[in-house]
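Under my numbering, think of the first position of the sequence shown as 685, with each following residue one higher. Just so you know, even glycine gets a beta-carbon here, dropped at the ideal spot from N, CA and C. Predicted model only: the values in this text are computed from it and were never measured. Report on the structure given below.
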Amino acid sequence: RFVAWGAAERLTMPQIDDVAILRWRASLVLRLNGAPRAERSLNEAAIVIVQLWRWAAEEAPRRGWVVQPWRRVRLKKTTPSRTTTAPTWAEMDAFVEEVRPAVKNGQAQGSRQRYRAAVLQRFTGARQGETFALRWVDVDLDAALVTFRPETTKGGYSGRTIPMSAHLVAELRTWAQDNERLCGPSR
């Protein structure tokens with residue numbers, strides 16, 4: 685039984701060949717939400733299955749399995765993944781200042797939510813979705829801790845609690861707690 689990303693198909697050993705592997709790879713092109721997967725991700729999944737298939741072919745005589753003769757599976761060429769770098773402290777500080785709400789001619793300029801998200805990301809290293817999902821109950825100002833719940837983290841596998849700097853605690857104390865979320869609308 686091969687299972688990946690929620691797609692499962694029962695195959696017996698004689699049915700596993702290059703055609704079955706490519707057909708299985710094609711079934712993974714779209715995510716459950718309909719968005720396309722990256723070629724690199726598809727190839728990595730197919731490579732795992734190819735390695736499993738090769739292992740099965742090597743084990744077949746010893747275990748009494750019947751496996752089709754091996755033919756090379758040709759995967760689409762992919763472009764190397766782009767290299768990303770985290771912003772420097774100076775770049776994050778400049779961004780925070782750029783999005784800081786200001787008052788010009790008696791009118792508030794900028795977004796309070798965007799500013800708060802930038803401050804939280806700068807001091808915690810959290811992802812954008814994590815910062816917008818933070819609630820005041822996730823923040824303990826007295827203990828200087830912020831907790832990211834599992835349902836808000838990437839992949840949703842486990843939450844994490846991280847310490848906050850004294851500067852971030854002081855900044856958070858100045859924020860109005862007029863909403864259940866720190867920097868996003870209530871849901």
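- Taking the C-beta atoms as reference points, methionine 848 is found nearer than 8 Å to valine 830.
- Per the coordinates, the alpha-carbon of leucine 818 lies some 24 Å from the alpha-carbon of threonine 772.
- The DSSP-derived three-state label of proline 720 is strand.
- The three-state secondary structure of valine 713, taken from DSSP, is coil.
- For arginine 833, there is no enclosing beta strand (DSSP E), as DSSP marks it with neither H nor E.
- As DSSP reads the structure, isoleucine 733 sits in no beta bridge.
- For arginine 806 against methionine 776, the beta-carbon gap comes to about 4 Å, under 8 Å, which counts as contact.
- For valine 823, the pairing in a beta bridge is given by DSSP as Val830.
- According to the DSSP assignment, threonine 815 belongs to the alpha helix (DSSP H) that extends over 812 to 817.
- Under the three-state reduction of DSSP, proline 745 is assigned to helix.
- As DSSP reads the structure, arginine 738 sits in no beta bridge.
- The straight-line gap separating the alpha-carbon atoms of valine 823 and cysteine 867 is approximately 13 Å.
- In this structure alanine 802 does not touch phenylalanine 816 by the C-beta definition: roughly 11 Å separates them, more than the 8 Å allowed.
- For arginine 865, there is no enclosing alpha helix (DSSP H), as DSSP gives it neither H nor E.
- Of Val734, Leu852, Ala740, Arg796, the smallest CA-CA separation from glycine 809 is found for Leu852.
- The three-state secondary structure of threonine 768, taken from DSSP, is coil.
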